[in-house]
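Each protein sequence line maps, in turn, to chains F and G. So that you can map any letter, position 277 of the first sequence is 258 in the numbering used here, and since no number is skipped, the others follow by simple counting. So the number in the numbering used here is just where the residue sits in the second sequence, counting from 1, plus 7. All remarks here apply to the structure that follows.
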Amino acid sequence: MRRRYPTQDHPLLRIGLTAVAVGVIGLFLLFPLATVFSEALSKGIAAAWEALKEPDARSAIRLTLLVAAIAVPLNAVFGIAASWAIAKFDFRGKQFLTTLIDLPFSISPVVSGLIYVLIFGLQGWFGDSLRDANIKIIFALPGIVLATVFVTFPFVARELIPLMTDQGRDEEEAATSLGASGWQTFLHVTLPNIKWGLLYGVLLCNARAMGEFGAVSVVSGHIRGLTNTMPLHVEVLYNDYQYVGAFTIASVLALLAIVTLVLKSLLEWRYADEIAATHRH
Amino acid sequence: MSLVVDSVAKCFERFPALNGVSLTVPQGAFLALVGPSGSGKTTLLRILGGLEFPDSGSVHFADLNWLEVPARQRRAGFVFQQYALFKHMTVEKNIAFGLTVRPRHERPARKEIVRRVEELLTLVQLEGLGKRYPNQLSGGQRQRVALARALAIEPRMLLLDEPFGALDAKVRKELRVWLRALHEKMGITTVFVTHDQDEAFALADLVAIMNAGRIEQYGTPADVRRSPKTPFVAEFLETGPQQNATVQPRALNGHS
């Protein structure tokens, strides 16, 4: 019998643990995912295609992509600004700001949505003045974007703060002493050092922005063909017993998520050397 | 054109880093700030570089109120302890950085920048390594890239923070000789921080021995060695080398 390495466990234990891990992943991740696709295709590919061509479904897909296209770049900019300030400068209230950034993670998305209804809704603080100015925020695109931005705010910042803190200020100080302006330092020194972290943050932020249900549900008003995003449309269809339609839209959402992950893995694989060079950990 | 530091004080969260430091450095001199860690020498260096600001006191250099000149306009070549090279740029790009970020009307032509980079690579004896990335270089080579990068901006003053701190004993000695020769050639006012009194006394025209945010003694190496003014200085001169041995793990590893 071959001798085991000191850190290697008994074969039976290894096989057992591996089986448990595979089982858990299969049962809780792969099986539900497969169910989504198989339900979508249960009446054949033509039925799923019809469900996709339905105007309300197309409108939901368009709206979701539009909201993500607005919310994600905004949060990328906010996230970079916040982490730059927190990691590279000392100021009073820094700890408070860090906690504030985590706030959207710690409060229920439904509450996040309600906040905006309370502020901008007809009965809300700015309700009258907004109505007089003929600006619609709640039950319209701006409200959905606001709720999404709020809920997905921490993703980029959370990814960048530890990375930028770890990288320290040396390179920025060096750039400054060599005569670079703040903007030049950011563009030529800070940004290249954080671009991978930024990319992960943006991908995660995007995945959540497209998938957000709770907060968006509160502010959207569920107007079919107008303010229903994909996750909301899935719910509407499901409650109408339109399973093929519901699961088809769900499949599109799942596919978007899978494409995101594949993209991330491809980039990691393609630029492995560069990532290793710029990350210290 | 001398550097005049007058009663500079600086606190970090109520911990005093500098406790009223004054000294005058003649133009073109090579000054070493020596002392144990926490004595305030790096803080003083960073104040000279504009990376830190004193709570009180003044600094004048070349007839300028130095504290009112922003860091990026001081043209103070700063060499950091961990080099702080731009990891994602080649050696050439690192060295050229200070020239390429200049406003358009002050920026040399591309050809001129290339020529200057070549010149500096030769000066720091790194010919042919311009296309490498910092992580493909040895510690001593990185150190020289950092120096070349600082020299590229034609600095009015050169500030070195423990420049040899992370190098092993042999490389240290070689670079020391080389740096002194370079200083003779360029004649730039240089301030140099070290905890190694051997290094300070071998290199510098003037040494300032610092302790707990004060200068214990300031003078030429010969004067300080001949007549230590305070018990601290006397003891520091005696125990210095042994202290060094404990803070150079890499040098020790070489022998084990």
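Ideal Cβ placement from N, Cα and C applies to all residues, glycine included.
Residue i at chain G interface by Cβ criterion, 8 Å
i	result
A66 of chain F	no
Q(-11) of chain F	no
H262 of chain F	Confidence at H262 of chain F is low in this model, with a pLDDT of 40, below 50, so the placement of that residue should be treated as unreliable; the coordinate-derived value is given next. It does not; no Cβ of chain G falls within 8 Å.
6 Å Cβ shell around residue i - same chain, five flanking residues per side excluded
i	result
V132 of chain F	P85, P90, S93, E193 and A196
S65 of chain G	D13
V178 of chain G	G147
A57 of chain F	V137 and V183
F37 of chain G	H190, T197, A211 and D212
Q249 of chain G	Interpretation of Q249 of chain G is limited by its pLDDT of 44, a score under 50 that renders its predicted location unreliable; the figure taken from the coordinates is listed afterwards. There are no such residues.
A188 of chain F	A238 and T241
L(-6) of chain F	none
G137 of chain G	V98, E99 and L128
V15 of chain G	L25, V28, P61 and G64
A103 of chain G	I120 and V124
T45 of chain F	M191, T210 and M211
Residue from the options with nearest C-alpha to residue i
i	options	result
Q132 of chain G	G:N26, G:W185 and G:F37	G:W185
I61 of chain F	F:L141, F:E35, F:F228 and F:V217	F:L141
S46 of chain G	G:E223, G:Y225 and G:N218	G:N218
I82 of chain F	F:V130, F:I116, F:E216 and F:I239	F:V130
N72 of chain G	G:L136, G:P238 and G:S9	G:S9
G149 of chain F	F:I175, F:A68, F:L218 and F:I125	F:A68
R251 of chain F	F:W177, F:R39, F:F9 and F:L11	F:W177
T201 of chain G	G:Q224, G:T227, G:F171 and G:A229	G:F171
F7 of chain G	G:T31, G:T50, G:E134 and G:R109	Missing from the structure shown is residue 7 of chain G; chain G here goes from 8 to 263 and no further.
Y140 of chain G	G:T97, G:P238, G:T227 and G:L244	G:T97
R163 of chain G	G:A16, G:A69, G:I54 and G:E75	G:A69
I88 of chain F	F:A63, F:D113, F:D109 and F:A128	F:A128
R139 of chain F	F:F107, F:V126 and F:T79	F:T79
R205 of chain F	F:L47, F:E35 and F:Q76	F:E35
L165 of chain G	G:V15, G:G56 and G:A103	G:G56
G84 of chain G	G:F199, G:Y225 and G:T227	G:F199
Close-in-space but distant-in-sequence residues of the same chain around residue i (CB under 7 Å, 5 per side omitted)
i	result
C18 of chain G	A24 and D62
V98 of chain F	G105, I119, V199 and V200
D(-10) of chain F	none
L58 of chain G	A78
A209 of chain G	R183
CB contact below 8 Å: residue i versus chain F
i	result
Q89 of chain G	yes
K94 of chain G	yes
A78 of chain G	yes
V98 of chain G	no
V108 of chain G	yes
F104 of chain G	yes
A83 of chain G	yes
L156 of chain G	Here residue 156 of chain G is Arg; the residue named in the question, Leu, does not match the sequence. Yes, R156 of chain G counts as interfacial toward chain F.
I195 of chain G	no
G27 of chain G	no
I216 of chain G	no
I160 of chain G	yes
R257 of chain G	Its pLDDT being 41, under 50, R257 of chain G is placed unreliably by the model, and the measurement read from it follows with that caveat. No, because no Cβ of chain F sits closer than 8 Å to the Cβ of R257 of chain G.
heavy atom of the ligand PLP below 7 Å from residue i C-beta
i	result
I222 of chain G	In terms of ligand content, the structure shown is empty, and the ligand PLP therefore cannot be addressed.
Same chain, Cβ closer than 8 Å to residue i, five either side skipped, listed in chain order
i	result
A15 of chain F	none
F72 of chain F	A66
L213 of chain F	A41, F194, V197, S198, S201 and H203
E153 of chain F	K69, T166, V170 and T171
L174 of chain G	G146, G147, Q150, L182 and R257
Min CB distance residue i to chain A below 8 Å
i	result
G102 of chain F	The chain inventory of the structure shown lacks chain A, comprising the protein chains F and G.
Mind checking the stretch 142 to 176 of chain F against chain G and listing, in chain order, the residues whose C-beta falls within less than 8 Å of any C-beta there?
-> D151, E152, E154, A155, A156, T157, S158, L159, G160, A161, S162, Q165, H169, V170, P173 and N174
Taking three-plus beta-carbon pairs below 8 Å as touching, is the stretch 75 to 95 of chain G in contact with the stretch 145 to 154 of chain G?
-> yes
At a cut of 8 Å, does the stretch 48 to 61 of chain F reach the stretch 25 to 35 of chain F through at least three beta carbon pairs?
-> no
Residues in the stretch 43 to 73 of chain G with C-beta within 8 Å of chain F's C-beta atoms, listed in sequence order?
-> G56, G57 and L58
Using a Cβ-Cβ cut-off of less than 9 Å, list which residues of the stretch 116 to 133 of chain G approach chain F; keep chain order.
-> none
Should the stretch 210 to 230 of chain F be regarded as contacting the stretch 16 to 28 of chain F, the criterion being three or more beta carbon pairs within less than 8 Å?
-> yes
Stretch pair the stretch 209 to 225 of chain F + the stretch 171 to 180 of chain F: three plus CB contacts closer than 8 Å | no
Spell out a yes or no on whether the stretch 108 to 125 of chain G and the stretch 174 to 181 of chain F are touching, meaning 3 or more CB-CB pairs, one atom from each, closer than 8 Å.
-> no
Is there contact here, the stretch 148 to 164 of chain F with the stretch 74 to 84 of chain G, by at least three beta-carbon pairs under 8 Å?
-> yes
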